[in-house]
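From first to last, the protein sequence lines stand for chains X and V. Residues are numbered in the working numbering as their position in the first sequence, beginning at 1, plus a constant of 969. Residues are numbered in the working numbering as their position in the second sequence, beginning at 1, plus a constant of 116. Taking it in order: structure first as structure tokens, then the write-up.
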Amino acid sequence: MFDELIRSFSDMIYLALIKEDRFNFLVNGFVVSVQLTLSAALIGVALGLIIAIFKIRNKGATASFANAYITVIRGTPAVVQLTVIYFVVLAKSGLPAMLIAAIAFGLNSAAYVAEIVRGGIMAVDKGQTEAGRSLGLSSFQTMRYIVIPQAVKNVLPALGNEFIVLLKETSIAGYISIVDLNKGGQHISSITYNGMVAPLCVAYIYLLMTTTMASALDRLERRMRAGD
Amino acid sequence: MISVTNLYKSFGKLDVLKGIDAEIRRGEVVCVIGPSGSGKSTFLRCLNFLEEPDKGDIVLDGVSMTEHKKDIDRLRQKAGMVFQQFNLFPNLTVIDNITLAPMKALRMSAKQAEENAMRLLSRVGLEEKATAYPNRLSGGQKQRVAIARALAMNPEIMLFDEPTSALDPEMVGEVLDVMKELAKSGMTMVVVTHEMGFAREAADRVLYMDEGIIYEQGTPAEVFLNPKKPRTKEFLSKVL
């Protein structure tokens, strides 16, 4: 009885992962998920910073744009944004699906990054800016050397959280026929008519990635706490 | 060296400064006293344009600040400011706090800025704290570093905004000593303060502010021993 269970279990693993090198679906999917996350994070941070500055300056059209942007992105599901951008906005662009997905996830992340960064900058005491300006530093220099370094420390935990959310969010990339980690797992399930091994493996790999990110961020945070 | 004419400033509906005229001469130590809410700090902050006046003009070394807003960063370098809450940069060590502005705003070399910073630190008696972070310092030490930081820009005038008000009583003396030494060295200073003892001892002139104007002024002896106007008398009777 017990032997039989073990045998059927190892059969399942063999079918799902070993036979015809099916583990490659997971390996390739993993690579795709990492690439998507990294490129989207890059776009998200760059664009998020700009939107945050628009909001902080609170002047004219740029501020209205920033507010509208955050409202729309936060108010609609990521999977809807992804499909709208792929099938409507950039449908005729001829860009590869990977690039479109990176843009879509980046645009999505930017709204959240903007709010995080804005909070971090506002949390830096106004006296810091005044001290910088009173020493004759320009407003840019004051931002660059005094406010931003302190804001980065403030926002690191929330930003790390956002990257973890972003990584998990990329698991909807399959909606536009990208074979990411999640989609790779689904392929294995449908080939093998077995919906147990692959999803568990996928879940485990995601967990491994997020815990790695979390501990890397933890270390970075501790290193930056020098002056506290 | 600074002349202020007809200065007005309001925050929303609150009129804080209602027509200030003042002249600060080179080498002079001017103390600004008065009740809370009388506009002392706002007046001081207008002197280096941390607050932008609504009306009136401030002329620093013959250059009108209202007419040269684009050069405000360069003009500010002439006026060092010391704040009530110190406002040291917590992410930088003491020496980096002092060298940042000379290196970035004056393009001084790192070596020169550090030598200068160490000289200033020894002047305020804190050489051994050069590599410490601000959170390792007492309030009095923080304020002395803040003074050194402002001096590092080689300002022509130093502005002090209630520099001892946030300090524990036993640390007030060490900061005032540094300020007295600075005054003796010939630095032009404008000091908003509640330390009447300091004003009496170190000031060349005392401005008494009340309700947004300079209500009375004179030498410390004139203002403290022989105030002429009723509100000055009332204020001094409360604080002396």
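Every residue gets a Cβ at the ideal spot worked out from N, C-alpha and C, and that includes glycine. Predicted, not measured: the structure shown is a model, and the values here were computed from it.
Cα-Cα separation between L1177 (chain X) and V1000 (chain X), rounded to whole angstroms: Position 208 of the first sequence, counted from the first residue, corresponds to residue 1177 (chain X). Position 31 of the first sequence, counted from the first residue, corresponds to residue 1000 (chain X). Cα-Cα distance, rounded: 14 Å.
Residues of the region 1104-1115 of chain X whose Cβ lies closer than 9 Å to any Cβ of chain V, in chain order: L1104, G1105, L1106, S1107, S1108, Q1110, R1113, Y1114 and I1115
CA-to-CA distance, E139 (chain V) to E332 (chain V), given in whole angstroms: For the purposes of this step, residue 332 (chain V) is taken as residue 216 along the second sequence, with counting starting at 1. For the purposes of this step, residue 139 (chain V) is taken as residue 23 along the second sequence, with counting starting at 1. Looking at the two C-alpha atoms, the distance is approximately 14 Å.
Start-end ranges of the alpha helix (DSSP H) lying completely within the region 186-223 of chain V, minimum 4 residues: 188-192 and 210-221
Interface residues of the region 1057-1083 of chain X facing chain V [CB-CB below 9 Å]: none
Endpoints, beta strand (DSSP E) assigned at I330 (chain V): Within the second sequence, numbered from 1, the residue matching residue 330 (chain V) stands at position 214. Per DSSP, I330 (chain V) belongs to the beta strand (DSSP E) from I329 to G334.
Identity of the residue in V:S119, V:F159, V:R235 and V:L222 nearest V132 (chain V) by Cα: Numbered from 1 along the second sequence, position 16 holds the residue referred to as residue 132 (chain V). When only C-alpha atoms are compared, the closest one is V:F159.
Assigned secondary structure, F165 (chain V) (DSSP; H/G/I helix, E/B strand, else coil): Against the second sequence, residue 165 (chain V) aligns to sequence position 49. Residue state, collapsed to three classes: coil.
Inter-residue spacing [alpha-carbon to alpha-carbon] between T357 (chain V) and T348 (chain V): Within the shown structure, residues of chain V are numbered from 117 to 356, placing residue 357 (chain V) beyond reach of any answer.
Neighbourhood of L1018 (chain X) by C-beta distance below 7 Å, restricted to the same chain and skipping five residues each side: Sequence index remark: in the first sequence, residue 1018 (chain X) carries index 49 (1-based). Contacts found: V1086.
Beta carbon of I136 (chain V) nearer than 8 Å to that of I329 (chain V): Within the second sequence, residue 136 (chain V) is the residue found at index 20, counting from 1. Within the second sequence, residue 329 (chain V) is the residue found at index 213, counting from 1. A contact, by the Cβ cut-off of 8 Å.
Environment of V355 (chain V) [buried if 16+ CB atoms lie within 10 Å]: Walking along the second sequence from the start, residue 355 (chain V) turns up at place 239. Result: exposed.
Below-8 Å beta-carbon distance, R192 (chain V) vs any chain X residue: The residue you call residue 192 (chain V) lines up with position 76 of the second sequence. By this cut-off, R192 (chain V) is an interface position.
Min CB distance K220 (chain V) to chain X below 8 Å: By one-based count along the second sequence, residue 220 (chain V) stands at place 104. So yes, K220 (chain V) belongs to the interface.
Chain-ordered chain X contacts of N203 (chain V) [CB-CB under 7 Å]: The sequence position of residue 203 (chain V) within the second sequence is 87, counting from 1. Ordered by position in chain X, the residues that pass the 7 Å Cβ test against N203 (chain V) are G1096, Q1097, E1099 and A1100.
Sequence-distant residues of the same chain with beta carbon closer than 6 Å to F994 (chain X), five excluded per side: Residue 994 (chain X) sits at position 25 when you count from the first residue of the first sequence. Excluding residues within five positions, the ones whose Cβ falls inside 6 Å are G1153, H1156 and I1157.
Residues in the region 1139-1155 of chain X having any Cβ partner in chain V nearer than 9 Å: none
Candidates V:L323, V:E167, V:K296 and V:L298: closest to V308 (chain V) by CA position: Within the second sequence, numbered from 1, the residue matching residue 308 (chain V) stands at position 192. Among V:L323, V:E167, V:K296 and V:L298, the Cα nearest to that of V308 (chain V) is on V:L323.
For A138 (chain V), the first and last residue of its enclosing alpha helix (DSSP H): Here the question's residue 138 (chain V) lines up with position 22 in the second sequence. First-last for A138 (chain V): L130 to I140, but that is the beta strand (DSSP E), not the alpha helix (DSSP H).
Exposure label - K258 (chain V); buried when at least 16 CB within 10 Å: Along the second sequence, one-based indexing puts residue 258 (chain V) at 142. Buried.
DSSP three-state assignment for S119 (chain V), whether helix, strand or coil: The residue labelled residue 119 (chain V) in the question sits at position 3 within the second sequence. Here S119 (chain V) sits in strand by DSSP.
Buried or exposed by the 16-neighbour rule on C-beta atoms within 10 Å, applied to I273 (chain V): By 1-based counting over the second sequence, the position of residue 273 (chain V) is 157. Answer is buried; the Cβ neighbour count reaches 16.
Those residues which DSSP pairs with V175 (chain V) across a bridge: Taking the second sequence and counting its residues from 1, one reaches residue 175 (chain V) at position 59. For V175 (chain V), which the question treats as bridged, DSSP gives the partners V:S119 and V:S180.
Residue burial classification, N1027 (chain X) (beta-carbon count within 10 angstroms, cutoff 16): Counting from one through the first sequence, the residue named residue 1027 (chain X) turns up at place 58. Looking at its Cβ environment, which holds fewer than 16 other Cβ atoms inside 10 Å, N1027 (chain X) is exposed.
Three-state secondary structure assigned by DSSP to Y1175 (chain X): By one-based count along the first sequence, residue 1175 (chain X) stands at place 206. The answer is helix: DSSP assigns Y1175 (chain X) an H, G or I state.
Under the three-state DSSP convention, the category S126 (chain V) falls into: The residue labelled residue 126 (chain V) in the question sits at position 10 within the second sequence. Correct three-state label for S126 (chain V): strand.
V359 (chain V), DSSP secondary structure in three states: Any answer about residue 359 (chain V) is impossible in this case: the structure gives chain V only from 117 up to 356.
8 Å Cβ cutoff met for M287 (chain V) and S254 (chain V): By one-based count along the second sequence, residue 287 (chain V) stands at place 171. By one-based count along the second sequence, residue 254 (chain V) stands at place 138. Closer than 8 Å, so yes.
N1163 (chain X) beta carbon less than 8 Å from that of M981 (chain X): By one-based count along the first sequence, residue 981 (chain X) stands at place 12. By one-based count along the first sequence, residue 1163 (chain X) stands at place 194. Cβ atoms of M981 (chain X) and N1163 (chain X): closer than 8 Å.
Stretch pair the region 160-168 of chain V + the region 193-206 of chain V: three plus CB contacts closer than 8 Å: yes
Beta carbon proximity, M82 (chain V) to chain X, threshold 8 Å: Here chain V covers residues 117 to 356 and nothing more, so residue 82 (chain V) does not appear.
N-terminal and C-terminal residue of the beta strand (DSSP E) that T304 (chain V) is part of: The residue labelled residue 304 (chain V) in the question sits at position 188 within the second sequence. Looking at the DSSP string, the run of the beta strand (DSSP E) that includes T304 (chain V) is T304 to V308.
As assigned by DSSP and simplified to three states, the class of M981 (chain X): For this step, residue 981 (chain X) is matched to residue 12 along the first sequence. Of the three classes helix, strand and coil, the one that applies to M981 (chain X) here is helix, per DSSP.
Unbroken stretches of the beta strand (DSSP E), 3 residues or longer, contained in the region 1116-1193 of chain X: none
At least 3 beta-carbon pairs within less than 8 Å: the region 1004-1013 of chain X vs the region 1126-1135 of chain X: yes
Buried or exposed by the 16-neighbour rule on C-beta atoms within 10 Å, applied to R366 (chain V): Residue 366 (chain V) is absent from the model: chain V starts at 117 and stops at 356.
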